[in-house]
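Contents: one structure, followed by commentary.
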Amino acid sequence: MIDDSTLKSVLAPHLREEGALDKAFHDPTANLFDLGMDSISAFALLDDLQDHGVSLEFTELIADPSVGFLREASERA
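Under this note's numbering, residues 42 to 118 are what the sequence shown spells out, in order.
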């Protein structure tokens with residue numbers, strides 16, 4: 042499991058819109074693709090999460106691209 046501080050640092054480089062990281066954590070159901078993540082950055086995010094012990098498939102992420110899902114997935118790790 043990774044804490045929110047670590048999740049923020051992992052997620053931050055993959056959200057391109059200003060204020061997107063705060064929005065994502067304020068509303069954990071917010072769609073990360075709506076907040077500036079694209080498919081290439083999603084694959085990079087998966088690699089970064091793997092470095093922290095969280096293993097996800099791309100299809101899992103696109104099914105629920107949210108901080109809430111990432112928190113749940115990190116708890117399974």
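Beta carbons are placed, not taken as given, at the ideal position from N, Cα and C, and that holds for glycine.
Ends of the alpha helix (DSSP H) at residue i?
i, result
"Thr70", "No alpha helix (DSSP H) holds Thr70; DSSP gives it neither H nor E."
"Val51", "Asp45 to Leu52"
"Asp92", "Ser80 to Asp92"
"Met112", "In the sequence as presented, Met is not what sits at residue 112; that position holds Arg. Per DSSP, Arg112 belongs to the alpha helix (DSSP H) from Val108 to Arg117."
"Glu4", "One cannot answer for residue 4 here, as it falls past the ends of the chain, which runs 42 to 118."
Look at the Cβ atom of residue i, then the Cβ atom of residue j, and state whether they are nearer than 7 Å.
i, j, result
"Glu58", "Leu76", "yes"
"Met42", "Leu56", "no"
Mind reading off the beta-carbon distance from residue i to residue j? Whole number of angstroms is fine, and I expect it under 8 Å.
i, j, result
"Leu52", "Ser107", "The pair is not a contact, with the Cβ atoms about 11 Å apart (cut-off 8 Å)."
"Ser115", "Leu62", "Going by Cβ atoms, the distance from Ser115 to Leu62 rounds to 16 Å, so no, they are not a contact pair."
"Leu102", "Ala83", "6 Å"
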